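Heads up: the structure comes next, in structure tokens.
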Amino acid sequence: MSQLLDLVGIFVFALSGALMGVRKRLDVVGMMVLAEMTALGGGVVRDLILNVRPTAFQSLGYVLVPVAATAIVFFWHPHVARVMPAILVLDAAGLGLFCAVGTEKALEYGLSPLHAALLGVVTGVGGG
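First residue of the sequence shown? That's 21 in the numbering used here, and the numbers climb one at a time after it.
Shown next as structure tokens:
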């Protein structure tokens, strides 16, 4: 269940990143890079700070979910943009979820509560 929530959060963050790519008039490759960074960047940074293999690199699903989100936005961005209020609500929920998950992972690796909270913020703000 935890991985499913993680992938849903990654999908929503990737939608936001890909939509930003549309607004900035990027091509599909630029949209995909922005979606991947928005969805996975914080978790990768957190894991590198913890000196562990990034979770995003342990399963192909973590990379493919932002690719799917980018494809959806690329082909149907006017329709996706119409449901932006719902995406923003899910994005906010994902931010809280990723902060909590990042903090929990940092605590599991023995960081102090203060440092764990800081890594939780990095995870949430940077994306999954």
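Think of the CB as a built atom: it goes at the ideal place given N, C-alpha and C, for glycine as much as any other residue.
Keep in mind that this is a model prediction, so the values were computed, not measured.
> Just the Cα atoms here: how many angstroms apart are Asp47 and Leu84?
Replying inline: 18 Å
>> Check for me: the alpha helix (DSSP H) holding Thr58 runs from which residue to which?
In response: Val48 to Ile69
> Using the rule of at least 16 other Cβ atoms within 10 Å of the residue's Cβ for burial, across every protein chain shown, is Leu152 buried or exposed?
Replying inline: No information on residue 152 is available, as it lies outside the stretch 21 to 148 that the chain covers here.
> Mind checking Leu108: buried by the 16 CB within 10 Å criterion, or exposed?
Replying inline: exposed
> First and last residue of the alpha helix (DSSP H) that includes Phe33?
Replying inline: Ser22 to Arg43
>> Please classify Gly81 as buried or exposed, where buried requires at least 16 other C-beta atoms within 10 Å of its C-beta.
In response: By the neighbour-count rule (16 or more Cβ atoms within 10 Å), Gly81 is not buried but exposed.
> Are Leu75 and Gly62 touching if we call contact CB-CB under 9 Å?
Replying inline: As written in the sequence, residue 75 is Thr, which differs from the Leu given in the question. Result no, Cβ atoms of Thr75 and Gly62 do not sit closer than 9 Å.
> Just how far apart, CA to CA, sit Tyr129 and Gly122?
Replying inline: 11 Å
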